[in-house]
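Okay, structure first, notes after.
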Amino acid sequence: MAQPHLLHHVLDGPPSAPPLVLGPSLGTSLHVWSPQLATLARTHRVLRWDLPGHGGSRADLLPHDGTSSVAALAAQVLRLADAQGWESFAYAGISLGGAVGAHLAVHHPERVASLGLVCSSAHFGPPEPWQERAALVRREGVGPVLETSPGRWFGDPVTAETLLGRALLRDLAETDPVGYAACCDALAAYDLRPDLARITVPTLVVGGSLDIATPLDHARELADGIADATLKACAIGHLAVEQPEAVGAALSTHLRALKGPQY
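The letter at position 9 of the sequence shown is residue 9 when you use UniProt numbering, and the numbering goes up by one with no holes.
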């Protein structure tokens with residue numbers, strides 16, 4: 001019997017190092033973590049993955065009938081970890097990628113050794129705007145979203161003209177509308193606010209003072225709701241690319257506090 005497809009992923013860092021899974025934001029690929037990769041891969045076996053329809057991942061890894069969920073994405077990530085033989089792993093994610101990690105920490109706490117939530121949220125607003133965006137992309141493709149993304153993604157408009165900024169926008173332009181819309185459906189249905197107190201793993205919350213998509217209030221809500229979470233504010237936009245050294249250093253410090261060579 002043929003094995004089901006996995007999310008596209010890339011591994012970096014020493015094979016014997018403790019595992020770290022990095023999740024991306026909607027509309028981006030695993031390259032969104034490129035600015036922090038060298039720092040994190042020095043001490044960890046880093047697995048970066050692509051959302052369905054993004055980067056190298058097939059669009060049909062999520063349902064396309066409006067029933068997609070963060071839980072379905074989290075199940076895909078667990079399949080990646082299982083394929084590596086990882087019983088537990090540290091996890092960090094940006095925006096939707098962070099929501100996947102938070103869901104795992106609530107529903108599969110034995111698998112998550114630590115959690116990093118970067119420019120993320122327990123609830124990305126009411127479902128209607130996400131449903132409307134999903135319908136728009138299904139109807140017209142990602143073009144309309146691409147036009148408005150620089151203002152949502154970057155704290156400094158100049159970032160859109162940098163090498164990394166252009167690469168991220170190109171990733172969005174090449175995203176499969178079917179997969180993008182399914183991820184919008186997942187965000188529409190996501191609300192982890194009642195369950196934040198169930199997260200007991202060591203958690204770092206990084207919020208962006210320049211983030212208009214998930215402003216600092218979202219980061220504060222996460223940090224207030226998760227026991228003993230640490231909140232760090234940085235002058236970054238939604239994709240956390242303006243201060244890569246600060247974000248990477250914060251995550252590295254958080255990860256060094258974990259006990260045991262393999263968690």
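Backbone N, C-alpha and C define an ideal beta-carbon position, used for all residues, glycine too. Only a predicted model underlies this, so the values are computations on that prediction, with no experimental measurement involved.
Check: Inter-stretch contact at 8 Å, needing at least 3 Cβ pairs: the stretch 74-92 / the stretch 215-233; Outcome: no
Check: Residue nearest to Leu117 in terms of C-alpha spacing, selected from Leu196, Pro127 and Leu6; Outcome: Leu196
Check: Length of the line joining the Cα atoms of Pro15 and His44; Outcome: 8 Å
Check: Neighbourhood of Leu168 by C-beta distance below 6 Å, restricted to the same chain and skipping five residues each side; Outcome: Thr28
Check: Burial state of Ala2, where buried means 16 or more other Cβ atoms lie within 10 Å; Outcome: Here the model assigns Ala2 a pLDDT of 45, short of 50, so the residue's position is not dependable and the matter cannot be decided.
Check: Ala122 beta carbon less than 8 Å from that of Ala102; Outcome: yes
Check: Check whether Arg48 and Val10 have beta carbons under 8 Å apart; Outcome: yes
Check: Identified DSSP bridge partners for Ser114; Outcome: Ala90
Check: Validate contact between the stretch 176-187 and the stretch 59-78 using beta carbons, cut 8 Å, 3 pairs; Outcome: yes
Check: Cβ neighbour criterion (16 or more within 10 Å) applied to Leu172; Outcome: buried
Check: Inter-stretch contact at 8 Å, needing at least 3 Cβ pairs: the stretch 231-245 / the stretch 18-35; Outcome: yes
Check: DSSP state of His54 mapped onto helix, strand, coil; Outcome: coil
Check: Same chain, Cβ closer than 7 Å to Pro109, neighbours up to 5 away in sequence not counted; Outcome: Thr200 and Val201
Check: According to DSSP, residues forming a beta bridge with Cys233; Outcome: Checking the sequence shown, residue 233 turns out to be Ala, not Cys. In DSSP, Ala233 forms a bridge with Gly207.
Check: Neighbourhood of Lys232 by C-beta distance below 6 Å, restricted to the same chain and skipping five residues each side; Outcome: Val206 and Ala250
Check: For Val100, the first and last residue of its enclosing alpha helix (DSSP H); Outcome: Leu96 to His107
Check: Contact belief for Gly55 with Leu30 at Cβ below 8 Å, rounded distance in angstroms; Outcome: 6 Å
Check: Beta-carbon contacts of Asp191 that lie in its chain and below 8 Å, excluding the five residues immediately before and after; Outcome: Ala122 and His123
Check: Own chain partners of Val145 with C-beta closer than 8 Å, once the 5 adjacent residues on each side are dropped; Outcome: Gly27, Arg133, Leu136, Val137, Leu172 and Tyr180
Check: Beta-carbon separation (whole angstroms), residue 288 vs Val21, contact threshold 8 Å; Outcome: The requested residue 288 is not part of the displayed model; the chain covers only 1 to 263.
Check: Alpha-carbon spacing of Gly165 relative to Thr203, whole angstroms; Outcome: 28 Å
Check: Cβ neighbours of Ser114 in the same chain (closer than 6 Å, five flanking residues each side left out); Outcome: Ala90, Val201, Pro202 and Leu258
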